[in-house]
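Below is one structure, written out as structure tokens; the observations come after it.
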Amino acid sequence: MDVYQAITARRTIRRFQQKPIDPAVLERIVNAGRVAPSGGNCQPVEFILVTEPDLCRQVFATTAWAGGVAPRRTPKPGQEPTAWVIVLLNSQRGPVTAAADAAAAIENMLLTAVEAGLGSCWIGSVQRNKLTPILSIPDHCTIDSVVAFGYPDESPMAEDTDDDIAYYLDDNDVLHVPKRKLKDVLHHQRYGSS
Ligand SMILES: Cc1cc2nc3c(=O)[nH]c(=O)nc-3n(C[C@H](O)[C@H](O)[C@H](O)COP(=O)(O)O)c2cc1C
560 MDVYQAITAR RTIRRFQQKP IDPAVLERIV NAGRVAPSGG NCQPVEFILV TEPDLCRQVF
620 ATTAWAGGVA PRRTPKPGQE PTAWVIVLLN SQRGPVTAAA DAAAAIENML LTAVEAGLGS
680 CWIGSVQRNK LTPILSIPDH CTIDSVVAFG YPDESPMAED TDDDIAYYLD DNDVLHVPKR
740 KLKDVLHHQR YGSS
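The opening residue of the sequence shown carries number 560 in the numbering used here; numbering runs sequentially from there.
Set out below in structure tokens:
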């Protein structure tokens with residue numbers, strides 16, 4: 560699988576098989592986050608890898624899923640993520656472009672997961688105050704996002720849209736993810752020129 564294939568094949572996954580993930584694969588995913596671009600090369604991004612089942616359950620309880628179709632894409636019992644990466648920003652590292660650095664690291668991890676046959680869900684809707692003590696996160700670190708991982712148990716579809724960007728579930732419970740067309744987001748030379 561080349562990088563472009565991974566990029567286009569990746570979809571957010573919110574139903575997971577309960578098959579364990581090889582720890583070496585998870586470390587490879589985090590390593591892909593580690594080497595992401597960083598403004599000024601400050602590298603404020605740190606990671607907590609959570610795989611212990613009881614801790615996974617506690618992380619899951621702090622997260623919110625697919626607000627656009629809630630609660631129909633919150634993983635049901637037996638469909639939860641089997642691993643989590645908590646993405647932290649360390650304020651002691653001069654985070655000049657902290658949020659962008661975190662986003663670059665996260666996307667690297669999502670794509671590396673695709674290559675390994677894993678699904679993922681980038682989650683910004685997390686109860687940070689609740690999760691911080693659960694994971695013993697120190698004062699100089701804040702939670703940017705959490706990322707859920709696991710073997711996929713659904714096959715969402717991306718499709719081009721003219722206007723309506725609301726994702727939806729069809730009659731077969733398949734998630735459809737509308738994407739704005741290339742011609743509508745790409746401007747050649749000057750804005751408005753196709
Ligand atoms: C910054 C960010 C925060 C997100 N937060 C959540 C979230 O809290 N819960 C969730 O279920 N999905 C979340 N998502 C996933 C988006 O809903 C998803 O990327 C979008 O619907 C497009 O689907 P796709 O990833 O399959 O292209 C988030 C994505 C991003 C980039």
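C-beta atoms are modelled at their ideal positions from N, C-alpha and C, and glycine is treated no differently.
Note that the coordinates shown come from a computational prediction; the quantities given were computed from them, not determined experimentally.
Test item: CB-CB of residue i and residue j under 7 Å
i           : j           : result
residue 608 : residue 646 : no
residue 674 : residue 565 : yes
residue 680 : residue 717 : no
residue 642 : residue 580 : yes
residue 632 : residue 623 : no
residue 667 : residue 605 : no
residue 685 : residue 601 : no
residue 723 : residue 740 : no
residue 593 : residue 715 : no
residue 671 : residue 572 : no
residue 676 : residue 704 : no
Buried/exposed call for residue i, threshold 16 Cβ in 10 Å
i           : result
residue 745 : exposed
residue 603 : buried
residue 661 : buried
residue 664 : buried
residue 692 : exposed
residue 653 : exposed
residue 697 : exposed
residue 640 : buried
Residues that DSSP places opposite residue i in a beta bridge
i           : result
residue 680 : 707
residue 718 : 737
residue 576 : 710
residue 619 : Residue 619 is not bridged to any residue.
residue 702 : 647
residue 642 : 708
residue 608 : 644
Close-in-space but distant-in-sequence residues of the same chain around residue i (CB under 7 Å, 5 per side omitted)
i           : result
residue 752 : 746
residue 712 : 574, 575, 576 and 638
residue 598 : 655, 656, 659 and 660
residue 699 : 649, 650 and 651
residue 584 : 675
Close Cβ partners of residue i (< 8 Å) along its chain, the five nearest in sequence each way excluded
i           : result
residue 556 : With the chain represented from 560 up to 753, any question about residue 556 goes unanswered, as that position is not in the structure.
residue 562 : 670
residue 586 : 608
residue 736 : 570, 571, 715, 716, 717, 718 and 726
residue 742 : 753
Residues of its chain near residue i, where Cβ-Cβ distance is below 6 Å and the 5 sequence neighbours each way are ignored
i           : result
residue 618 : 609 and 643
residue 687 : 702
residue 595 : 663, 664 and 667
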